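Participant:
In my numbering, the protein residues as written are 45 to 275.
#1: Any chance the segment 192-210 sits against the segment 100-116, with 3 or more Cβ pairs inside 8 Å?
#2: Going by the CB atoms, is the gap between residue 140 and residue 87 shorter than 7 Å?
#3: Short of 6 Å in beta carbon distance, which residues of its chain neighbour residue 266, apart from the five on each side in sequence? Order them along the chain.
#4: Alpha carbon to alpha carbon, how far is residue 264 from residue 205?
#5: Expressed to the nearest angstrom, what Euclidean distance is found between the alpha-carbon atoms of residue 271 and residue 148?
#6: Kindly indicate which residue of 239, 126, 248 and 252 has the alpha-carbon position closest to the one of residue 231.
#7: Roughly how many angstroms separate the alpha carbons of residue 99 and residue 239, rounded to a whole number?
#8: In angstroms with no decimal places, state the Cα-to-Cα distance between residue 84 and residue 224.
#9: Since residue 256 is in the alpha helix (DSSP H), which residue starts that stretch and which ends it?
#10: Pick helix, strand or coil for residue 82, following the three-state DSSP scheme.
#11: By how many angstroms is the C-alpha of residue 259 removed from the C-alpha of residue 96?
#12: Report the CB separation of residue 244 from residue 234 in whole angstroms; it is logged as a contact under 8 Å.
#13: Where does residue 234 fall in DSSP's three states?
#14: Within its chain, find whatever has a CB closer than 6 Å to the CB of residue 207; leave out the 5 residues flanking it on each side and keep chain order.
#15: If you scan the segment 167-234 from start to end, which runs of the beta strand (DSSP E) of 3 or more residues do you find wholly inside it?
#16: Can you list, in chain order, the residues of its chain with a C-beta nearer than 7 Å to that of residue 261? Leave out the 5 residues immediately preceding and following it.
#17: Determine the burial state of residue 174: buried for a count of at least 16 other Cβ atoms within 10 Å of its Cβ, exposed for fewer.
#18: Determine the burial state of residue 126: buried for a count of at least 16 other Cβ atoms within 10 Å of its Cβ, exposed for fewer.
#19: Quick check on the DSSP output: the alpha helix (DSSP H) that includes residue 242 runs from which residue to which?
#20: For residue 104, count neighbouring C-beta atoms within 10 Å of its own C-beta (all shown protein chains included) and say buried if the count is 16 or more, exposed if not.
#21: Looking only at C-alpha atoms, which of 257, 143, 216 and 215 sits nearest to residue 246?
#22: For residue 269 and residue 214, what's the separation of their Cα atoms in angstroms?
#23: Would you mind sorting residue 116 into buried or exposed? The rule is 16 or more other CB atoms within 10 Å of its CB.
#24: When burial is assigned at 16 or more other CB atoms within 10 Å of the CB, is residue 274 buried or exposed?
Have a look at this one:
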């Protein structure tokens with residue numbers, strides 16, 4: 045309803061709308077909601093990053109395991125001669141130290157160290173991991189003859205925990221277990237040591253435990269395969 049202001053001669057709008065704008069409480073609520081949404085988005089991105097890194101670690105570890113078995117399988121098929129087999133057909137019978145062993149297939153020698161993390165990936169003289177070198181004949185110890193064209197078949201921060209090869213009746217059964225981890229060694233458990241990570245990390249087949257945050261830098265890979273000698 046419009047009324048006439050007699051003194052000023054103006055018009056007073058009783059039903060005029062209130063001036064538009066936000067109150068302090070509304071601004072605070074909007075800020076809180078925006079902050080919560082931002083935190084949720086950030087947490088989602090962090091989770092995606094952990095999943096991505098976990099996937100990369102697993103893929104790299106699995107690829108290393110496949111590379112080892114494929115190299116050995118190819119050598120067995122074409123060379124058909126495996127050195128350092130004991131009387132039961134079990135490899136390896138040749139030993140360099142308490143946890144370092146070697147065997148030869150044709151003109152390739154494989155040396156490997158159990159339960160030691162590869163921390164010197166670029167060192168060609170290191171015996172950590174799984175090394176494939178070319179030799180001129182026989183099956184000399186890597187401590188005596190270094191060989192040529194050394195290839196490290198494990199990646200950085202990987203560790204070989206199990207490496208079994210048994211050859212009989214013109215075929216070889218190969219089984220290996222590789223683990224990958226960063227600085228945290230408390231993420232492992234095993235059948236023999238489910239609650240003792242320090243012991244589990246040195247068992248033949250440890251596995252990763254814990255949530256994604258703790259196990260994002262942990263991966264394991266197991267491969268079992270049978271290779272027939274080429275006819």
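All C-beta atoms in this analysis are idealised placements derived from N, C-alpha and C, irrespective of residue type, glycine included.
Note that the structure is predicted; figures quoted are calculated from it, not measured.
Facilitator: The relevant details are as follows:
#1: When Cβ pairs closer than 8 Å are counted between the two stretches, the segment 192-210 is seen to touch the segment 100-116, the count reaching three or more.
#2: Cβ atoms of residue 87 and residue 140: not closer than 7 Å.
#3: In chain order, 221 place their CB closer than 6 Å to the CB of residue 266, counting only its own chain and leaving out the 5 sequence neighbours on each side.
#4: If you take the alpha carbons of residue 264 and residue 205, they lie about 10 Å apart.
#5: Across the structure, residue 271 and residue 148 are spaced so that their CA atoms are roughly 16 Å apart.
#6: Considering only alpha carbons, the answer is 252.
#7: Cα to Cα, the separation comes out at about 25 Å.
#8: It is roughly 30 Å from the alpha-carbon of residue 84 to the alpha-carbon of residue 224.
#9: Counting along the chain, residue 256 sits inside the alpha helix (DSSP H) bounded by residues 256-259.
#10: Correct three-state label for residue 82: helix.
#11: Whole-angstrom Cα-Cα distance: 12 Å.
#12: The C-beta distance from residue 244 to residue 234 rounds to 4 Å, short enough to fall under 8 Å.
#13: Residue state, collapsed to three classes: coil.
#14: Correct list, in chain order: 156 and 220.
#15: Counting whole runs of 3 or more residues, the segment 167-234 contains the beta strand (DSSP E) stretches 174-178, 192-196, 202-212 and 215-225.
#16: The residues 101, 225, 226 and 228, in chain order, have a CB closer than 7 Å to that of residue 261 in the same chain once the five nearest residues on each side in sequence are set aside.
#17: Answer is buried; the Cβ neighbour count reaches 16.
#18: Residue 126 should be labelled buried.
#19: For residue 242, the enclosing alpha helix (DSSP H) has its first and last residue at 241-244.
#20: Within 10 angstroms of the beta-carbon of residue 104 lie 16 or more other beta-carbons, which makes it buried.
#21: Comparing Cα-Cα distances from residue 246 to each of 257, 143, 216 and 215, the minimum goes to 143.
#22: Taking the straight line from one Cα to the other gives about 14 Å.
#23: Per the 10 Å Cβ criterion, buried.
#24: Classification for residue 274: exposed.
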